[in-house]
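Asker: Numbering (this note's numbering), first residue to last: 33 to 136.
Every residue, glycine too, gets a C-beta built ideally from N, C-alpha and C.
1) Report buried or exposed for residue 110, applying the criterion of at least 16 other Cβ atoms within 10 angstroms of its Cβ.
2) Would you list the residues sitting across from residue 104 in a DSSP beta bridge?
3) Put residue 95 into one of helix, strand or coil per three-state DSSP.
4) By alpha-carbon positions, which one of 45, 96 and 41 ends up nearest to residue 61?
5) What residue range does the beta strand (DSSP E) around residue 80 cover?
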């Protein structure tokens with residue numbers, strides 16, 4: 033039996049606080065209007081706001097945040113996410129409540 037997964041999203045995430053993050057989506061299946069765009073996202077309301085690159089850079093600089101590379105995929109009917117660290121390790125989580133926290 034073959035197991036496979038379908039990539040639904042791939043993005044760089046710059047956390048700003050416990051609710052907001054800036055993202056740059058390389059893949060965003062289901063809503064191509066966010067693909068290759070800078071986004072300000074509220075995790076509590078699930079709102080997305082498209083930003084200009086300069087606006088995104090100001091948020092990133094103000095909050096002095098570093099990117100996380102996130103891969104979201106479907107494995108069967110279950111949506112899962114993997115965080116790829118800067119040293120190539122993988123952190124696995126299935127929802128925002130289980131999202132890995134920055135150890136710093």
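Answerer: So, from the data block:
1) Around the beta carbon of residue 110, a 10 Å sphere encloses fewer than 16 other beta carbons of the protein chains shown; the residue is thus reported as exposed.
2) Under DSSP, the beta-bridge partners assigned to residue 104 are 41 and 113.
3) Correct three-state label for residue 95: helix.
4) The candidate whose alpha carbon is nearest that of residue 61 is 41.
5) Counting along the chain, the beta strand (DSSP E) containing residue 80 begins and ends at 80-83.
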